[in-house]
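For the sequence shown, our numbering assigns the number -13 to the initial residue and increments by one for each residue that follows.
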Amino acid sequence: MDNVCGTSRIAGCSFSIYPMADKFKEIILDALNQVDTSKVWMETDDVTTLVRGRIPHVFDVTSAIFLAAAKTDEHIVFNGTYSIGCPGDSTGDVYMAEDETKLNMSNIKDIRLETASKFSLYPLGGGNYMDTIYTQIENMRAQGITVSKSHYSTRLDGNAYDVFAGLEHVFIETEASGSSHTVMTVTMSANSPSAKGAIQ
Ligand SMILES: Cc1ncc(C[n+]2csc(CCO)c2C)c(N)n1
């Protein structure tokens, strides 16, 4: 059987950014180049970018790449799947030796950028998954993010850096609460021409 989960606690994210702009190619490639990725394993192809490493660096790099693209003021959408507990292989395990100091934080922490997102949390392997999900939705609210109920996901409105910080906290807490394999999906939009919650 090849598809068993591994034992490493390496985290990862498969993510893409979608700039709604003619120069989408430059925006994507510039954003990927501007960010310090030296504490993660990273690979980009024509569909997505995969980062693997310790939780703080996976969130640092993915949020910094989104913010680098969004500072062009173009409408940018980020879509990411974060996972911990089922690496399936050991790619990037060497990056687990890095310390926790985030390399891009000083560049992004002061950027104010209103965003609208949806996120879904999947605490696989352990306990009362609905209790964990509801607890973590309240966790986002407690961190100052505007939370709205929906089906299959939860809407989040707030400053990009704060929303990513909240999501990182939720991800860590979910793992700590006993979920042996945690998956979290996030879709975040910035600079949309649509009015909040509207379709035009
Ligand atoms: C973060 C991220 N990584 C990879 C892609 C896939 N992609 C689509 S267009 C393009 C530029 C070169 O053609 C690339 C790399 C993405 N969208 N976002």
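Ideal Cβ placement from N, Cα and C applies to all residues, glycine included. The structure displayed is predicted, hence computed values, not measured ones.
Can you tell me the Cα-Cα spacing of residue i and residue j, whole angstroms?
i	j	result
residue 0	residue 106	15 Å
residue 115	residue 8	42 Å
residue 98	residue -4	30 Å
residue 40	residue 26	8 Å
residue 68	residue 100	22 Å
residue 19	residue 33	17 Å
residue 37	residue 184	33 Å
Who are the Cβ neighbours of residue i in its own chain at under 7 Å, not counting the five residues just before and after it?
i	result
residue 177	56, 59, 60, 61, 62
residue 22	89, 90
Mapping DSSP to helix, strand and coil, what is residue i?
i	result
residue 109	strand
residue 121	helix
residue 12	helix
residue 102	strand
residue 155	helix
residue 147	helix
residue 179	coil
Closer than 6 Å by C-beta to residue i: which residues in its own chain qualify, once you throw out the five before and the five after it? Chain order, please.
i	result
residue 141	104, 134
residue 2	34, 65
Spell out the partners DSSP gives residue i in its beta bridges.
i	result
residue -1	37, 68
residue 266	Residue 266 lies beyond the range of the chain shown here (-13 to 186); nothing can be said about it.
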